[in-house]
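Accompanying notes for the structure given below.
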């Protein structure tokens, strides 16, 4: 019985030490651009988990891309398809809108659990 109590206490201390050593950083990146006819906004929310014993960082990312047409919507009546894409260092994405007739387009994204080597 005494051994079981010691083992439980030791496991609890190890877990507490792991949580105390882990560092968490949260930040948001916002990129905006504009052309004659369009405005774009790319927002990503990043949470990084740094484990000091390893040479890696775990992270979770979610965000969205928003495209806004600045012109008169009647000008889009002759457009059959709008395609957009974005590229990041760890991937990218995009979308297609058939027969566009709205001013705002875009989409949400999320991914995580990736590992980054600190030496990169």
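Numbering (our numbering), first residue to last: 375 to 494. All C-beta atoms, glycine included, are put in the ideal place defined by N, C-alpha and C.
Item	Value
Status (buried if at least 16 other CB within 10 Å, exposed otherwise) for residue 486	exposed
Contact check, residue 422 vs residue 399, beta carbons under 9 Å	yes
Same chain, Cβ closer than 8 Å to residue 447, neighbours up to 5 away in sequence not counted	475, 476 and 477
C-alpha gap between residue 382 and residue 432, whole angstroms	Caution applies to residue 382, whose pLDDT of 45 falls short of 50 and renders its modelled position unreliable; the value that the coordinates give is listed next. Going by the C-alpha atoms only, they are around 28 Å apart.
Residue 455 and residue 442 closer than 9 Å at C-beta	no
Distance, residue 457 Cα to residue 416 Cα	16 Å
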